[in-house]
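Everything on this sheet refers to the single structure shown next.
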């Protein structure tokens, strides 16, 4: 390794470390902002008797939980692989997402059971209190979104999207509170609560499905599987491949194992070059961990279906 290359290599990883430290700091700030406001929101929901605010408080409580787990998971994910966790700790953020999804499903189902009867029999709410809480919600969540704006990790992008959705939810609550104050229509509040709860359930169920797919080691979703297979067949010396096993560690880092059959006339001396070419092709599709077993043209393999 040349001195220049070594400097660039060191400089790259220094930049990566600084970036990861900043991302952790931003997650921590967003967590404390969200946690502080969630306490205010729960108290405010009880004070105003607003099921919409209580429903949104459940959402924010879930996001606070998610932020805390994401913050901790980001720290764990930076640990290098060891003898106990040979792929590292990158599945901890996925576990955090699964726990959070289950919590949100249970809490939202409870809110839904309370809000639906109130559409027919709405209670008295404090519209002025709702308006002030909604303004606070927009400010708090908006500040957290801006704090995470520069985050590059998948974890941070997901959390930022959740907080942006929260901000939009508070805009809806603000609009509903203003309409109720002007018209006196009481069922708007429980209707908003139902809409927020249904929205949370839909997204939590979708996230739970995605995390379960990862833990059950389903085939990762890549853009074009046929194109990938065609690119492997285009590697010089490759006749066919079989016994493919592929899964994902965290949704973005994938694992791929396969048996390659070489063409007639290919010698063992050419195997390293073939393996390197296959690894380069798979790396383009996010496969970071690749295991290749090579079978010669006339070698019998019991795993080959042909």
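Residue numbers (my numbering): 14 to 319. All C-beta atoms in this analysis are idealised placements derived from N, C-alpha and C, irrespective of residue type, glycine included.
Look at the alpha carbon of residue i and the alpha carbon of residue j, and state the distance between them as a whole number of angstroms.
{"i": "residue 17", "j": "residue 287", "result": "Low confidence applies to residue 17: its pLDDT is 45, below 50, so where it sits in the model is not reliable, and the reading given next is rough at best. About 30 Å."}
{"i": "residue 103", "j": "residue 138", "result": "45 Å"}
{"i": "residue 254", "j": "residue 233", "result": "19 Å"}
{"i": "residue 260", "j": "residue 110", "result": "18 Å"}
{"i": "residue 205", "j": "residue 223", "result": "27 Å"}
{"i": "residue 68", "j": "residue 177", "result": "17 Å"}
{"i": "residue 310", "j": "residue 246", "result": "15 Å"}
{"i": "residue 265", "j": "residue 199", "result": "46 Å"}
{"i": "residue 258", "j": "residue 270", "result": "5 Å"}
{"i": "residue 211", "j": "residue 125", "result": "8 Å"}
{"i": "residue 203", "j": "residue 193", "result": "12 Å"}
{"i": "residue 284", "j": "residue 239", "result": "24 Å"}
{"i": "residue 300", "j": "residue 112", "result": "26 Å"}
{"i": "residue 24", "j": "residue 292", "result": "Reliability of the predicted coordinates at residue 24 is poor, the pLDDT of 44 falling under 50, and the value obtained from them is presented with this limitation in mind. So the alpha carbons of these two residues sit roughly 26 Å apart."}
Run through DSSP, which three-state label would residue i get?
{"i": "residue 127", "result": "helix"}
{"i": "residue 306", "result": "strand"}
{"i": "residue 94", "result": "coil"}
{"i": "residue 62", "result": "coil"}
{"i": "residue 85", "result": "helix"}
{"i": "residue 248", "result": "coil"}
{"i": "residue 280", "result": "coil"}
{"i": "residue 106", "result": "helix"}
{"i": "residue 137", "result": "coil"}
{"i": "residue 55", "result": "helix"}
{"i": "residue 198", "result": "coil"}
{"i": "residue 231", "result": "coil"}
{"i": "residue 77", "result": "helix"}
From what residue to what residue does the alpha helix (DSSP H) around residue i run?
{"i": "residue 289", "result": "284 to 296"}
{"i": "residue 144", "result": "140 to 160"}
{"i": "residue 235", "result": "Element bounds for residue 235: n/a, residue is neither H nor E."}
{"i": "residue 217", "result": "201 to 228"}
Just grab the DSSP bridge partners of residue i for me.
{"i": "residue 274", "result": "253 and 308"}
{"i": "residue 260", "result": "268"}
{"i": "residue 300", "result": "267"}
Thinking C-beta only, is residue j closer than 8 Å to residue i?
{"i": "residue 150", "j": "residue 62", "result": "no"}
{"i": "residue 12", "j": "residue 153", "result": "The structure shown does not extend to residue 12, since the chain spans only 14 to 319, so no value can be given for it."}
{"i": "residue 65", "j": "residue 189", "result": "yes"}
{"i": "residue 147", "j": "residue 71", "result": "no"}
{"i": "residue 252", "j": "residue 274", "result": "yes"}
{"i": "residue 263", "j": "residue 106", "result": "yes"}
{"i": "residue 175", "j": "residue 277", "result": "no"}
{"i": "residue 54", "j": "residue 76", "result": "no"}
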